[in-house]
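For what it's worth, this note's numbering labels the leading residue of the sequence shown as 295, then goes sequentially.
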Amino acid sequence: MLGVFSIVTTEILPIGLLTSIGSSFTISDGMAGLMMTMPGFLAALSAPLVTVATGRVDRRLMLGAFVLLLALADFLAAAASSYWLILVSRVMVGVTIGGFWSIGAGLAGRLVPVGSVARATSVIFAAVPLGSVVGVPLGTLIGDLAGWRTAFLVMGVFTVGVLVLLLLVVPPLPTAQTTRLHVLGGMFRSVNTRFALGTTFLIVLAHFGTYTYVAPFLERVTHVGSGSITVFLLSYGVAGITGNFLGGVSVARRPRATFAVAAAMIAGATLLLPVLGRWEPGAVALLIVWGVGYGAVPVCSQTWFAKASPDSPEASSVLFTASFQATFSTGALLGGVVVDHSSPSTVMTLGGAAAVLMVLVVWVHHMGKVSWPEPG
Numbered sequence: 295m296l297g298v299f300s301i302v303t304t305e306i307l308p309i310g311l312l313t314s315i316g317s318s319f320t321i322s323d324g325m326a327g328l329m330m331t332m333p334g335f336l337a338a339l340s341a342p343l344v345t346v347a348t349g350r351v352d353r354r355l356m357l358g359a360f361v362l363l364l365a366l367a368d369f370l371a372a373a374a375s376s377y378w379l380i381l382v383s384r385v386m387v388g389v390t391i392g393g394f395w396s397i398g399a400g401l402a403g404r405l406v407p408v409g410s411v412a413r414a415t416s417v418i419f420a421a422v423p424l425g426s427v428v429g430v431p432l433g434t435l436i437g438d439l440a441g442w443r444t445a446f447l448v449m450g451v452f453t454v455g456v457l458v459l460l461l462l463v464v465p466p467l468p469t470a471q472t473t474r475l476h477v478l479g480g481m482f483r484s485v486n487t488r489f490a491l492g493t494t495f496l497i498v499l500a501h502f503g504t505y506t507y508v509a510p511f512l513e514r515v516t517h518v519g520s521g522s523i524t525v526f527l528l529s530y531g532v533a534g535i536t537g538n539f540l541g542g543v544s545v546a547r548r549p550r551a552t553f554a555v556a557a558a559m560i561a562g563a564t565l566l567l568p569v570l571g572r573w574e575p576g577a578v579a580l581l582i583v584w585g586v587g588y589g590a591v592p593v594c595s596q597t598w599f600a601k602a603s604p605d606s607p608e609a610s611s612v613l614f615t616a617s618f619q620a621t622f623s624t625g626a627l628l629g630g631v632v633v634d635h636s637s638p639s640t641v642m643t644l645g646g647a648a649a650v651l652m653v654l655v656v657w658v659h660h661m662g663k664v665s666w667p668e669p670g
């Protein structure tokens, strides 16, 4: 869980520091958004390649190698003398994300009894909103007090500590099943896999196309001072933790409904922000709704991928990671284009439309009465 926390926090840390980093290098918000775009695309590429290439290597050693790479990326960002060095560090983050998530997301079944897998998965994914509730606001606060470089430096030191704990606490994890490219290709024949891909694409596009630029929205539309943005992000993060655990409990019993409700909450929040987000109380309330909704998204998406291919857990994690991260980057990239050519409010509206479309896809899937496969 701490490893996931380090990765998630490092990945999305620029969200709270976007404006200050952009000012340091005299670049636009859209150009600064490349810090969010690059890791996702690299993660999407590295997830299948690294997993297949290291198929016979002990998974604990691989996790340790990726955490070490993450720490080095944080230190490089802290010392970067140009924006291009920042982007090099983000490439390193992308490789880490792809490798770590594709291996680690499906390890719950190897670490706990069968009856506790769903709960363990929820605990692992709790690190995602926890990165938002603690990591990003704390990083933003450190950035406000001591500069954005210090935020990356602190994150690097923390990640080194995570590496030590991982090597001391996690038992050896020899490869239980070697993932091959033909296994990944075969997963596309499953209607449930295609459903997971489609819904993940739409909801992650909606979320990261908008959330990446929530700081500029709060500054320009809500007129929140830069020092107060931390409080808004903290509210979102606390709500995200709540949504994660609610989603983890609900998705096992009502998978479609849980995913649809989460998407509907994101849609409602982003569509209403340009209207009600002009005032601070409205912005806080909608960020809380948004946080609860998105908190359930990763566990819902991973659950659908896992259930679509119950006999290939690592392969399903690879596909989940690749699709999630590629869409993450696409959303951040498209959002940056819209912000630079229009406004943060337009980004919110377009993201909300994508979330509404995702709800419709879930409804069509439900009308088709498609059920989960059983393990072979």
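Don't be surprised by glycine CBs; every beta carbon is placed ideally from N, CA and C.
### Query
In angstroms, rounded to a whole number, what distance separates the CA positions of P669 and I380?
If you number the sequence shown from 1, residue 669 lands on position 375. If you number the sequence shown from 1, residue 380 lands on position 86. For P669, the predicted structure reports a pLDDT of 44, less than 50, and the residue's modelled location is therefore unreliable. A value from the coordinates is still provided. Taking the straight line joining both Cα atoms gives about 44 Å.
### Query
Taking contact to mean at least 3 C-beta pairs separated by less than 8 Å, is the region 449-459 in contact with the region 562-581?
no
### Straight-line gap, V242 to P342 (C-alpha atoms, nearest Å)
This structure leaves residue 242 out entirely; the chain is present only between 295 and 670.
### Message
Counting only C-beta atoms, is L366 closer than 8 Å to chain B at any point?
### Response
Although the question refers to chain B, the structure presented lacks it and comprises just one protein chain.
### Query
What's the call for W378, buried or exposed, on a 16-neighbour Cβ count within 10 Å?
In the sequence shown, residue 378 corresponds to position 84, counting from 1. Exposed.
### Message
If you measure between the beta carbons of A372 and V387, is that distance less than 8 Å?
### Response
One-based indexing of the sequence shown puts residue 372 at position 78. One-based indexing of the sequence shown puts residue 387 at position 93. No, these two residues do not count as a Cβ contact at 8 Å.
### Message
Does R548 come out as helix, strand or coil in the three-state DSSP assignment?
### Response
Position 254 of the sequence shown, counted from the first residue, corresponds to residue 548. Reduced to three states, the DSSP call for R548 is coil.
### Query
Between A338 and L499, is the Cβ-Cβ spacing less than 8 Å?
As a working note, residue 338 is residue 44 in the sequence shown. As a working note, residue 499 is residue 205 in the sequence shown. No, Cβ-Cβ distance for A338 and L499 is not below 8 Å.
### Query
Under the three-state reduction of DSSP, which class applies to S603: helix, strand or coil?
Counting from 1 along the sequence shown, the entry for residue 603 is found at position 309. Coil, per DSSP.
### Message
For W395 and G629, I'd like the C-alpha separation in whole angstroms.
### Response
Here residue 395 refers to the residue found at position 101 of the sequence shown. Here residue 629 refers to the residue found at position 335 of the sequence shown. Between W395 and G629, the C-alpha separation is close to 24 Å.
### Query
So is G455 buried or exposed if we call it buried at 16+ other beta carbons inside 10 Å?
Start at 1 with the first residue of the sequence shown, and residue 455 comes out as number 161. Per the 10 Å Cβ criterion, exposed.
### Query
Exposed or buried, what is W674 when buried is set at 16 or more other beta-carbons lying within 10 Å of its beta-carbon?
Limits of the chain in this structure are 295 at one end and 670 at the other, which puts residue 674 out of reach.
### Query
Looking at C-alpha atoms only, which residue of S314, G587, A626, F614 is the closest neighbour of Q596?
Along the sequence shown, read from residue 1 onward, the residue named residue 596 stands at position 302. With distances taken between Cα atoms, Q596 lies closest to F614.
### Message
Restricting to Cα atoms, I'd like to know which of W598, A347, G479, I497 is closest to L654.
### Response
Position 360 of the sequence shown holds residue 654. Ranking W598, A347, G479, I497 by Cα distance to L654 puts I497 first.
#### Entry: Option nearest S318 by Cα separation, candidates R354, G441, D634, L355
Position 24 of the sequence shown, counting from 1, holds the residue named residue 318. Ranking the options by Cα distance to S318, first place goes to G441.
### For S529, the nearest candidate out of T504, S544, V586 (CA to CA)
Along the sequence shown, one-based indexing puts residue 529 at 235. Taking only the C-alpha atoms, the option nearest S529 is V586.
### Runs of beta strand (DSSP E) wholly within the region 561-640 (minimum 3 residues, chain order)
none
### Task
Buried or exposed for D323, please, with buried defined as at least 16 other CB atoms from any protein chain shown within 10 angstroms of its CB.
Here residue 323 refers to the residue found at position 29 of the sequence shown. Its Cβ being crowded by 16 or more others within 10 Å, D323 is buried.
### Query
Going straight from the alpha carbon of T494 to that of S375, what length do you get?
The residue you call residue 494 lines up with position 200 of the sequence shown. The residue you call residue 375 lines up with position 81 of the sequence shown. When rounded, the distance between both Cα atoms is 36 Å.
### Query
Hey, how far is the Cα of V321 from the Cα of K601?
Here residue 321 refers to the residue found at position 27 when the sequence shown is read from its first residue. Here residue 601 refers to the residue found at position 307 when the sequence shown is read from its first residue. Checking the sequence shown, residue 321 turns out to be Ile, not Val. Rounded to whole angstroms, I321 to K601 spans 44 Å at the Cα level.
### Query
H659 to R548, Cα distance in whole Å?
Mapped onto the sequence shown, residue 659 falls at position 365. Mapped onto the sequence shown, residue 548 falls at position 254. Using only the alpha carbons, I get a separation of about 13 Å.
### Query
Around the C-beta of G541, are 16 or more other C-beta atoms found within 10 angstroms, so that it is buried, or is it exposed?
Along the sequence shown, one-based indexing puts residue 541 at 247. Its Cβ being crowded by 16 or more others within 10 Å, G541 is buried.
### Message
Give me, in chain order, the residues of the same chain whose beta-carbon lies closer than 6 Å to that of P667; leave out the 5 immediate sequence neighbours on both sides.
### Response
In the sequence shown, residue 667 corresponds to position 373, counting from 1. Here P667 scores only 49 on pLDDT, less than 50, and its place in the model is too uncertain to base an answer on.
### Query
Can you give the Cα-Cα distance for I315 and T434, rounded to whole angstroms?
Residue numbering aside, residue 315 sits at position 21 when the sequence shown is read from its first letter. Residue numbering aside, residue 434 sits at position 140 when the sequence shown is read from its first letter. Taking the straight line joining both Cα atoms gives about 11 Å.
### Message
Measuring straight from C-alpha to C-alpha, what distance separates S636 and T643?
### Response
Residue numbering aside, residue 636 sits at position 342 when the sequence shown is read from its first letter. Residue numbering aside, residue 643 sits at position 349 when the sequence shown is read from its first letter. S636 and T643: Cα-Cα distance of roughly 12 Å.
### Query
Any heavy atom of the ligand COA within a distance shorter than 7 Å of the CB on F452?
Judged by which ligands are present, the structure shown has none, so any question about the ligand COA falls away.
### Query
Taking the C-alpha atoms as reference points, what is the distance between L424 and F299?
As a working mapping, residue 424 is identified with position 130 in the sequence shown. As a working mapping, residue 299 is identified with position 5 in the sequence shown. Near 7 Å, if we compare the C-alpha coordinates of F299 and L424.
### Query
Quick one: what does DSSP say Y377 is sitting in, helix, strand or coil?
The sequence position of residue 377 within the sequence shown is 83, counting from 1. In this structure, Y377 counts as helix in the three-state DSSP scheme.
### Reduced DSSP secondary structure (H/G/I, E/B, other) of P510
Looking up residue 510 in the sequence shown gives position 216. Three-state DSSP puts P510 in a helix.
### Local conformation of G441 per DSSP, three classes
The residue you call residue 441 lines up with position 147 of the sequence shown. Here G441 sits in coil by DSSP.
#### Entry: CB of G297 within 8 Å of CB of L460, strictly
On the sequence shown, position 3 is the one that residue 297 refers to. On the sequence shown, position 166 is the one that residue 460 refers to. Going by C-beta atoms, G297 is nearer than 8 Å to L460.
#### Entry: Cutoff 7 Å; reference T624; Cβ partners in own chain excluding five residues on either side
Looking up residue 624 in the sequence shown gives position 330. Around T624: L499.
### Query
The alpha helix (DSSP H) spanning W332 covers which residue range?
The residue you call residue 332 lines up with position 38 of the sequence shown. A quick correction: the sequence has Met, not Trp, at residue 332. Looking at the DSSP string, the run of the alpha helix (DSSP H) that includes M332 is 328-347.
### Message
I'd like to check one pair, L363 with P431: are the Cβ atoms closer than 8 Å?
### Response
As a position in the sequence shown, residue 431 is number 137, starting the count at 1. As a position in the sequence shown, residue 363 is number 69, starting the count at 1. No.
### Message
What would DSSP say about I397, mapped onto helix, strand or coil?
### Response
Walking along the sequence shown from the start, residue 397 turns up at place 103. In this structure, I397 counts as helix in the three-state DSSP scheme.
### Query
In three-state terms, what does DSSP make of P308?
For the purposes of this step, residue 308 is taken as residue 14 along the sequence shown, with counting starting at 1. Helix at P308.
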